[in-house]
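K.L.:
Here it is: the structure, laid out below.
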Amino acid sequence: MNKSRILVIDDNPMATRMTRLTIERTGSYEVWELNDPAQALDTAREFKPDLILLDVCMPDIDGSKVAEIINNDSELGDTPIVFLTCIITPSEAGKSGRLVIGRHEYVAKPARPEKLIACIEENLARVRRYSSPAQIRVSV
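Just so you know, the sequence shown maps onto residues 394 to 533 in the working numbering.
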């Protein structure tokens with residue numbers, strides 16, 4: 394069975410490491426870490442992730458700009474991006490630990506492992522649902 398690929402982008406190496414370990418603990422995912430958001434497009438093209446977890450507040454280039462670059466890329470434009478960030482608080486995120494703003498989900502840091510995994514699984518299931526061949530019925 395092929396593991397789903399997750400790319401974690403955050404300027405904080407401790408944050409990416411902890412996130413990677415949390416996700417890998419499930420045994421269902423291959424996870425790459427990236428601490429230089431300026432390399433996000435090249436790294437994502439190389440790794441071809443099924444989902445990207447992206448911090449918002451980073452020096453030099455913020456997560457929203459990285460998301461814009463990825464969303465506008467012909468190879469990666471359909472890759473779901475979930476913002477893993479401290480710009481929302483756990484209380485703002487509510488019981489689920491996340492909010493949807495625009496076309497992206499925002500998960501509050503620090504994310505509880507079970508809520509982060511649930512978010513990943515739901516996003517990947519949504520992608521699989523929309524990318525599977527449509528059942529077309531033709532009446533004659």
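All C-beta atoms in this analysis are idealised placements derived from N, C-alpha and C, irrespective of residue type, glycine included.
Note that this is a predicted model, so its numbers are computed, not measured.
1. Report yes if the C-beta distance between Asp-448 and Thr-415 is below 8 Å; otherwise report no.
2. What residue ranges within the region 429–484 form continuous beta strand (DSSP E) runs of no fewer than 3 residues, ordered along the chain?
3. Does the region 469–478 come within contact of the region 418–427, defined as at least 3 CB pairs closer than 8 Å?
4. Would you identify the three-state DSSP class for Ala-408, choosing helix, strand or coil?
5. Just reading off the beta strand (DSSP E) that Leu-501 is part of, what are its end residues?
6. Residues in the same chain with beta-carbon distance under 7 Å from Lys-396, minus the five sequence neighbours each way, listed in chain order, please.
7. Quick one: Cα of Pro-430 to Cα of Glu-417, how far?
8. Candidates His-497, Asp-443, Thr-412, Cys-512: which alpha carbon is nearest Glu-557's?
P.N.:
Reading off the structure:
1. no
2. Annotation: the region 429–484 contains the following complete segments of the beta strand (DSSP E) (minimum length 3 residues), in chain order: 444–447, 474–478.
3. no
4. Three-state DSSP puts Ala-408 in a helix.
5. As written in the sequence, residue 501 is Ala, which differs from the Leu given in the question. 497–501 is the span of the beta strand (DSSP E), which, as asked, contains Ala-501.
6. Ser-421, Tyr-422, Glu-423
7. The alpha-carbon of Pro-430 is positioned some 22 Å away from that of Glu-417.
8. Here the chain covers residues 394 to 533 and nothing more, so residue 557 does not appear.
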